[in-house]
Every structure is written in structure tokens, then in C-alpha cells.
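Step one of this worksheet: look at the structure below.
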Amino acid sequence: MANDQKKTKLRSAAWFGTNDKNGFMYRSWMKNQGIPEHHFQGKPVIGICNTWSELTPCNAHFRQIAERVKNGIREAGGVPVEFPVFSNGESNLRPTAMFTRNLAAMDTEEAIRGNPLDGVVLLVGCDKTTPALLMGAASCDLPTIVVTGGPMLNGKHNGEDVGSGTLVWRMNEEYKAGNISLHEFMSAEQSMSRSAGTCNTMGTASTMACMAESLGTSLPHNAAIPAVDSRRYSLAHMSGMRIVDMVHEDLKLSKILTKDAFLNAIRTNAAIGGSTNAVIHLKAIAGRIGVDLSLDDWEHGKGVPTIVNLQPSGQYLMEEFFYSGGLPAVHRRMGENGVLTKDALTVNGKTIWENTQDAPCYNDDVIRTWDNPLRENGGICILRGNLAPRGAVLKPSAASPHLMKHRGKAVVFENFDNYKERINDPELDIDENSVMVLKNCGPKGYPGMAEVGNMGLPPKVLKKGIKDMVRISDARMSGTAFGTVVLHVTPEAMELGPLAAVQEGDYIELDAYAGKLNIDISEEELAARLEKLQATRVIFKSGGYEEMYRERVLQADEGCDFDFLVGCRGAAVPKHSH
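Numbering of the sequence shown is given in numbering that gives the first Met the number 0, commencing with residue 0 and proceeding in unit increments.
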């Protein structure tokens with residue numbers, strides 16, 4: 000390695016490697032932090048891109064993780080420099096963290112490109128922080144490694160393990176049905192979140208951690224080690240060491256984020272029963288690195304069984320997933336059954352199969368065998384039809400089998416406020432055979448495409464013991480949620496997609512097995528309704544970031560990135576600042 004290090008041309012040398020006015024200035028101000036002279040003499044400078052924030056509880060322990068990454072970087076002969084980027088936490092940020100995902104990606108991209116960095120460690124955890132930072136880093140294409148913060152410990156309530164997020168949806172429905180009291184509902188609040196870390200279900204945070212590992216951008220086992228487990232700190236240290244070697248090897252993201260890597264991630268999402276949000280995020284990441292990924296590519300997940308028995312689709316939580324072997328055990332079973340592209344490269348310089356071919360599984364009920372799956376076909380269903388010409392999605396592992404093929408009358412909510420105003424009305428004309436339709440909650444309509452698609456059922460239906468109904472919207476839903484929920488209907492209602500034309504009482508047909516979603520009206524009637532809506536369409540002018548967002552955000556099938564951010568712009572050294 001010593002000889003390789005001498006040959007490495009470092010990007011940071013354009014700042015620190017010259018004996019002139021500019022070199023003087025760059026080095027001098029950095030030295031006010033106590034950095035010694037020899038650190039500017041040919042050592043790789045590694046940026047630690049940190050999404051720590053006390054307003055993002057999932058990432059509130061990242062300062063400790065960053066210190067372990069720094070130790071690893073120093074041990075390997077690099078110089079660590081930690082910097083913050085916008086931390087868009089799911090639990091507090093309104094109207095939705097998705098609204099600022101692209102903003103965080105812009106922050107990340109410009110911070111990487113504009114600073115003297117040779118490689119980057121991305122500290123991510125809460126849902127949108129993982130795709131946001133990967134998007135920004137992909138547009139720069141430096142050597143990059145992902146370190147996630149890890150999931151919380153299992154929640155404990157009334158002597159049982161409970162899952163974060165999933166518990167909220169379930170208990171809220173039980174309360175609305177009159178099965179539990181308000182005190183019983185609120186008593187679970189502290190029980191659900193009892194340690195640092197992300198949601199401990201296979202929600203979006205855990206899904207995107209698994210996607211990062213499946214794409215090859217993190218070390219093996221990164222996805223599942225609990226946040227408070229000492230092995231999380233060991234992995235952070237090893238990741239710090241590894242990024243220095245990646246700089247010397249010139250192992251950039253473009254060598255890892257290939258089409259095969261994305262297809263591996265799609266099939267992994269089926270095997271783990273992952274979040275529908277991965278559909279949008281993987282498309283956005285692929286768009287940044289220049290990989291052509293479309294909704295049709297999710298057909299590669301068809302026929303892949305869900306073998307990870309985790310909530311919300313199954314029984315267990317992320318703690319058990321890690322103790323049972325974690326994602327490497329899943330990848331081994333995928334590889335043994337012909338649904339893993341084995342030669343895809345990962346950040347440790349080995350292929351995904353070299354990393355996982357001998358991975359043990361310690362519990363076949365948590366990580367099922369191929370012939371005993373939780374769900375025989377776990378791949379995300381891509382739906383199309385006259386209601387969703389450019390597509391919609393449904394998660395079969397979280398849906399009710401008897402509703403996967405369904406025809407019912409539409410009960411229409413024009414927006415989320417309209418839904419909240421009407422859903423508890425005992426006079427609402429709705430029953431378990433109805434199809435709940437929610438409009439104007441897409442990227443431009445909400446704005447930000449909030450996680451409101453898993454509309455709670457009306458109390459009058461819940462009191463009959465009904466647990467699920469078909470729900471359709473242009474919104475997203477939390478990866479911790481469940482139900483027969485059709486999401487991401489594209490084009491969205493705000494853009495006058497066919498969803499905007501649905502009226503109360505229209506019959507809607509869902510056939511998830513055939514990938515169909517249709518409204519039972521003629522083409523002429525649909526066109527006439529949309530023409531009438533066009534005449535009364537209102538264009539929102541709110542000013543500020545919101546106005547830019549509405550004008551430039553792409554639709555769900557395109558990844559909801561900003562149109563001007565798609566693509567890899569590289570990390571050429573910018574002009575001097577003085």
C-alpha cells in the first residue's frame with residue numbers, strides 16, 4: 000500500500016499542495032484547529048458528511064459514530080474532517096421530510112464538490128437522509144462509503160415486543176374501533192422508542208439501509224446492527240479505515256452503482272418485504288449516477304419470495320434480524336436460488352457474493368428458507384391502467400390477499416384535510432367493499448408527497464372488525480405501515496392525471512396480480528372531466544423553496560428529483576475563492 004499511496008493523485012492537493020498565496024491561505028485557516036503541518040503533505044482528506052441533529056431523533060447519536068469513523072481514518076493514514084448537512088428527520092419535519100430530500104441532496108453535493116475532499120463517509124439513518132446523501136454524493140462521484148446509525152432496540156409494551164411506527168398504526172385503529180381506551184393508547188408512547196436509532200421495523204429507514212448494503216455502498220452487516228450495539232462502532236471504525244484505501248484505489252461510486260447493483264437492490268427489497276419508498280429513492284439515486292432505471296425494472300422482483308419475517312409484514316424486529324444473520328444471510332439465500340447478480344462490486348473491493356456466500360443463518364423463522372417464505376411473491380407490484388397511465392405501486396407482503404383483486408365504489412377525498420373532516424362521520428356512505436380514494440397528496444399537490452396514503456379506516460367500518468380496505472392515492476406511506484394501499488399514482492392529481500377525475504360512486508378495479516388499475520368510465524367521459532378541471536385549475540405561487548419545489552419536482556415514476564439535478568456533474572476542482 001505504501002507504493003500505491005505515493006502514486007495517488009489527491010484532489011485535496013489542489014487546495015493544500017501548493018506553496019503560494021492560495022496554499023498559504025487554505026492551510027493557515029485549517030491550522031487554527033490544531034492540525035499539524037504533516038497532515039497536509041499527501042494524506043487523503045476524508046469528509047464525514049454528518050446528518051446529526053437533535054431534531055432528527057434517529058440520528059441523535061451520530062456524534063459518537065463520527066468519532067469512531069475518525070479513529071479509523073486516522074489509523075489508515077487519512078485526515079478526517081467532519082461537516083454537517085441538512086438533516087431531514089421524518090418524525091418532526093413538516094409537511095414531510097420528502098419535501099426537503101432534494102434540498103439535502105443539493106447541500107451534500109455542493110459541500111462535497113466545493114471542499115478539499117478526496118473521499119466521503121456518509122453518516123445516514125432516518126428515512127430520507129440515506130437517499131438524499133447518496134444522491135448528492137453520486138452527482139460528485141468521489142470514493143464514498145455509507146455508515147448508517149442502526150435501528151433502535153425492540154420496543155417493549157405489556158410484556159410484548161412492539162415495532163416503532165407499526166405500533167402507532169395498529170393501536171390507533173384499535174382506539175378508533177373502541178377496543179382500547181385513550182389511556183391504553185397513550186401508555187405505549189414511551190414503550191415504543193426506548194433507545195437511540197431508527198425504526199426497528201422493516202420501515203423505510205431499515206429498507207434504505209438494506210438498499211445501501213445491497214447496492215454495495217456499505218460494509219457487510221451495516222444495515223442491521225442495532226444502534227447501541229458495540230459492533231456498530233466497530234463497523235464505523237472499519238468504514239473509516241476502508242474509505243482511505245478506496246481513495247488510493249480510486250474506487251468511485253460509479254464503479255459500484257451499476258445497473259446490476261440496482262437490480263440486486265430491487266430483488267432484495269422483495270426478499271426483505273421492504274418499503275414502497277425504495278421505488279422512488281432508487282430511481283433518484285440511479286438518475287444521479289447515470290443508470291437507466293424505470294418502473295419496469297421492478298419486474299425483476301416478481302417471483303422473489305419475502306423471506307424476512309419482520310414487521311409490518313411479519314412478526315419480528317430488526318434486533319432479531321441482525322442476531323439471525325442480517326442481510327448477508329438473505330443475500331446468500333438469494334444467491335443460492337439464482338436471484339442475485341454475484342459479481343456486483345462492493346466498497347470493500349469484493350463482490351457481493353464473495354461477501355455473503357458463506358454467511359450463516361441462525362434462525363430460520365426470522366430469515367425463512369426459500370421453500371417456506373412469508374409471502375411467495377414479495378416483489379413490489381407495479382400497476383398501470385387508465386387510472387395510472389405512468390404507474391402506481393402496491394406492497395404485496397403488507398396487503399390482504401383477498402383484496403389484491405377487488406372492484407368497488409369510490410369514496411373520494413379531494414385532499415387530506417377533506418379526508419380528516421369526513422372520515423369519522425357516521426353518515427359517511429362507506430363500507431368495507433368501498434375503495435377509498437385520496438387526491439392532491441402527490442409531489443406537487445401536498446407538496447412533498449407525504450406519507451398519508453395509508454388512510455385510517457372509518458370507525459363505522461373498524462367497529463365491524465374490518466382491518467383493511469383498498470386505498471388509492473398519489474401519496475406515499477410509511478414503510479412501517481401496512482394494508483392494501485395503492486400509492487404513487489402517476490401522473491398525480493395536481494398535474495391533472497386521471498386520479499383528479501375520479502368522482503364519488505365511480506367503480507374502480509384493482510387486479511394486483513395482473514398489474515392493472517382502472518376506473519370504469521369511458522375514455523370520452525374521462526377526457527371530458529379532465530378538460531373541465533383544466534378550465535378551473537389553480538397554479539399555486541407561494542414563493543420561496545416551496546414554489547421552486549412545485550415548479551421543478553419530477554413525478555413519482557421519475558424519482559421525485561428536481562429536473563435540473565438529474566445526472567452526474569463530477570467533482571472537478573472549482574476555481575479559487577480568492
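Backbone N, C-alpha and C define an ideal beta-carbon position, used for all residues, glycine too.
Cβ neighbour criterion (16 or more within 10 Å) applied to residue 159 | Your numbering for residue 159 matches position 160 in the sequence shown. Under this definition residue 159 is an exposed residue.
Consult DSSP for residue 384 and reduce its assignment to one of helix, strand or coil.
-> Taking the sequence shown and counting its residues from 1, one reaches residue 384 at position 385. Reduced to three states, the DSSP call for residue 384 is strand.
Is the CB of residue 526 under 8 angstroms away from at least one CB in chain D?
-> Checking the listed chains, one finds no chain D in this structure; it contains a single protein chain.
Express the C-alpha separation of residue 93 and residue 543 in angstroms, rounding to a whole number.
-> Position 544 of the sequence shown, counting from 1, holds the residue named residue 543. Position 94 of the sequence shown, counting from 1, holds the residue named residue 93. Computed Cα separation, rounded: 16 angstroms.
Assign residue 284 to buried or exposed, taking buried as 16 or more other Cβ atoms, counted over all protein chains shown, within 10 Å of its Cβ.
-> Within the sequence shown, numbered from 1, the residue matching residue 284 stands at position 285. Label assigned to residue 284: buried.
Residue 573 and residue 100 look like a contact to me (Cβ under 8 angstroms); what is the Cβ gap, rounded to whole Å?
-> Position 574 of the sequence shown, counted from the start, is the residue given in the question as residue 573. Position 101 of the sequence shown, counted from the start, is the residue given in the question as residue 100. With 8 angstroms as the limit, residue 573 and residue 100 do not qualify as a contact, their Cβ atoms being about 25 angstroms apart.
Given a threshold of 16 other Cβ atoms within 10 Å of its Cβ, counted over all protein chains shown, does residue 558 qualify as buried or as exposed?
-> Counted from its first residue, the sequence shown places residue 558 at position 559. Residue 558 is buried by the Cβ-count criterion.
Between the Cα of residue 491 and those of 469, 553, 514, 518, spot the shortest distance and give me the residue it belongs to.
-> Along the sequence shown, one-based indexing puts residue 491 at 492. When only C-alpha atoms are compared, the closest one is 553.
Please name the residue or residues paired with residue 279 in a DSSP beta bridge.
-> Mapped onto the sequence shown, residue 279 falls at position 280. Residue 279 is not bridged to any residue.
From 430, 551, 263, residue whose alpha carbon lies closest to that of residue 562 = The sequence position of residue 562 within the sequence shown is 563, counting from 1. Among 430, 551, 263, the Cα nearest to that of residue 562 belongs to 551.
In whole angstroms, what separates the C-alpha of residue 274 from that of residue 474?
-> By 1-based counting over the sequence shown, the position of residue 274 is 275. By 1-based counting over the sequence shown, the position of residue 474 is 475. When rounded, the distance between both Cα atoms is 14 angstroms.
Where does residue 585 land, buried or exposed, given buried means 16+ other C-beta within 10 angstroms?
-> The requested residue 585 does not occur in the structure, where the chain is confined to residues 0 to 577.
Around the Cβ of residue 17, are there at least 16 other Cβ atoms within 10 angstroms (buried) or fewer (exposed)?
-> Here residue 17 refers to the residue found at position 18 when the sequence shown is read from its first residue. It counts as exposed.
Using the C-alpha atoms, what's the distance from residue 215 back to residue 546?
-> Taking the sequence shown and counting its residues from 1, one reaches residue 546 at position 547. Taking the sequence shown and counting its residues from 1, one reaches residue 215 at position 216. Distance between the alpha carbons of residue 546 and residue 215: 36 angstroms.
List the DSSP bridge partners of residue 488.
-> Residue numbering aside, residue 488 sits at position 489 when the sequence shown is read from its first letter. Per DSSP, none; premise fails for residue 488.
Between the segment 149–157 and the segment 70–82, are three or more C-beta pairs nearer than 8 angstroms?
-> no
Should the segment 167–177 be regarded as contacting the segment 122–139, the criterion being three or more beta carbon pairs within less than 8 angstroms?
-> no
Select from 521, 510, 493, 505 the residue whose C-alpha is nearest the C-alpha of residue 537.
-> By 1-based counting over the sequence shown, the position of residue 537 is 538. Per the Cα distances, 493.
N-terminal and C-terminal residue of the beta strand (DSSP E) that residue 437 is part of | Along the sequence shown, one-based indexing puts residue 437 at 438. From DSSP, the beta strand (DSSP E) with residue 437 extends over 434–437.
Residue 463, DSSP secondary structure in three states | By one-based count along the sequence shown, residue 463 stands at place 464. Three-state DSSP puts residue 463 in coil, outside helix and strand.
Unbroken stretches of the alpha helix (DSSP H), 4 residues or longer, contained in the segment 160–223 = 165–175, 181–185, 188–191, 203–214
So what does DSSP say about residue 477, is it helix, strand or coil?
-> As a working mapping, residue 477 is identified with position 478 in the sequence shown. In the structure shown, residue 477 sits in coil (DSSP, three-state: anything other than H, G, I, E or B).
With 16 other CB atoms within 10 Å as the buried threshold, where does residue 324 fall?
-> Within the sequence shown, the letter at position 325 stands for residue 324. Classification of residue 324: buried, given that the 10 Å Cβ count is 16 or more.
Pairwise C-alpha distance: residue 447 and residue 51 | Along the sequence shown, one-based indexing puts residue 51 at 52. Along the sequence shown, one-based indexing puts residue 447 at 448. Taking the straight line from one Cα to the other gives about 22 angstroms.
Beta-carbon proximity list for residue 515, same chain, < 6 angstroms, skipping 5 on both sides | In the sequence shown, counting from the first residue as 1, residue 515 sits at position 516. Excluding residues within five positions, the ones whose Cβ falls inside 6 angstroms are 384.
Where does the unbroken beta strand (DSSP E) through residue 506 begin, and where does it stop?
-> Position 507 of the sequence shown, counting from 1, holds the residue named residue 506. Where residue 506 is concerned, the enclosing beta strand (DSSP E) stretches over 506–510.
Have a look at the DSSP bridge pairing and note the partners of residue 472.
-> Residue 472 sits at position 473 when you count from the first residue of the sequence shown. 437.
Spatially closest choice to residue 506 from 410, 463, 442, 539, by CA coordinates | Looking up residue 506 in the sequence shown gives position 507. Residue 506 has its Cα closest to that of 410, out of 410, 463, 442, 539.
Pairwise C-alpha distance: residue 401 and residue 502 | Taking the first residue of the sequence shown as position 1, residue 502 is located at position 503. Taking the first residue of the sequence shown as position 1, residue 401 is located at position 402. Approximately 25 angstroms between the Cα atoms of the pair.
Output the distance between the C-alpha atoms of residue 458 and residue 412, rounded to the nearest integer angstrom.
-> Residue 458 sits at position 459 when you count from the first residue of the sequence shown. Residue 412 sits at position 413 when you count from the first residue of the sequence shown. If I take the Cα positions, the gap works out to 16 angstroms.
Could you give the DSSP three-state label for residue 72: helix, strand or coil?
-> On the sequence shown, residue 72 is found 73 positions in, with the first residue counted as 1. Reduced to three states, the DSSP call for residue 72 is helix.
Minimum length 4: unbroken alpha helix (DSSP H) runs contained in the segment 121–151 | 128–137
Alpha-carbon to alpha-carbon, residue 263 and residue 512 | Translated into the one-based positions of the sequence shown, residue 512 becomes position 513. Translated into the one-based positions of the sequence shown, residue 263 becomes position 264. Using only the alpha carbons, I get a separation of about 22 angstroms.
So what does residue 305 bridge to, in DSSP terms?
-> The residue labelled residue 305 in the question sits at position 306 within the sequence shown. Bridge partners of residue 305: 374.
When 114, 240, 452 are compared against residue 276, the one with the closest alpha-carbon | The count along the sequence shown starts at 1 and reaches residue 276 at position 277. Ranking the options by Cα distance to residue 276, first place goes to 452.
Quick one: measure Cβ to Cβ for residue 396 and residue 272, integer angstroms, because I've assumed they're closer than 8 angstroms.
-> Taking the sequence shown and counting its residues from 1, one reaches residue 396 at position 397. Taking the sequence shown and counting its residues from 1, one reaches residue 272 at position 273. About 4 angstroms; that satisfies the 8 angstroms criterion.
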